Amino acid sequence: NIGNANLGNNNLGSGNFGSFNIGSANLGGNNIGIGNAGANNFGLANLGDLNTGFANAGIGNFGIANTGNNNIGNGLTGNNQIGIGGLNSGNGNVGLFNAGSANIGFFNSGNGNFGIGNSGNFSTGLFNPGHGNTGFL
2 NIGNANLGNN
12 NLGSGNFGSF
22 NIGSANLGGN
32 NIGIGNAGAN
42 NFGLANLGDL
52 NTGFANAGIG
62 NFGIANTGNN
72 NIGNGLTGNN
82 QIGIGGLNSG
92 NGNVGLFNAG
102 SANIGFFNSG
112 NGNFGIGNSG
122 NFSTGLFNPG
132 HGNTGFL
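Structure (structure tokens):
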């Protein structure tokens with residue numbers, strides 16, 4: 002179907018329900034638009050896995066303020082994320098103000114961090130509290 006508020010698969014328009022839709026506020030997988038729910042979506046504020054956009058929830062997302070694992074962006078919550086200055090929480094993060102272990106950045110908390118002002122063990126930088134740190138004070 003081509004139009005708005007259609008029900009089914011492979012629709013083109015807005016407010017569609019189904020899979021492989023192109024438009025806004027679609028429900029299903031592999032959608033392209035804004036506010037879509039499902040997996041492998043492209044747009045903004047999508048819910049699901051492997052989404053590309055902003056404020057997405059799921060695993061393997063790309064954007065800003067995403068929730069899940071293996072995300073790339075700022076303000077992400079989860080593990081193995083990459084964000085600069087995003088106050089990320091989790092393990093194996095890259096960025097500033099991250100919380101967790103094995104982080105790379107500044108003011109990170111946890112073990113095995115790399116940066117300045119980190120708290121934990123086996124950190125590298127300045128002003129790190131803990132054991133086995135490399136730096137000053």
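Using our numbering, the first residue of the sequence shown is number 2, and each one after it goes up by one. C-beta: ideal position from N, C-alpha, C; glycine also. Computed from a predicted model, the values in this text were never measured in an experiment.
If you check the CB distance, N122 and G116 do not come in under 7 Å.
Counting of Cβ neighbours within 10 angstroms places A6 among the exposed residues, the total staying below 16.
In the three-state reduction of the DSSP assignment, F55 falls in the coil class, being assigned neither a helical nor a strand state. Burial state of G9 is exposed, judged by a 10 Å Cβ sphere holding fewer than 16 other Cβ atoms.
Counting only residues of its own chain and dropping the five nearest sequence neighbours on each side, L48 has a CB closer than 6 Å to the CB of A38, A58. Secondary structure of A103 (DSSP, three-state): coil.
Secondary structure at S110: strand, using DSSP grouped into helix, strand and coil.
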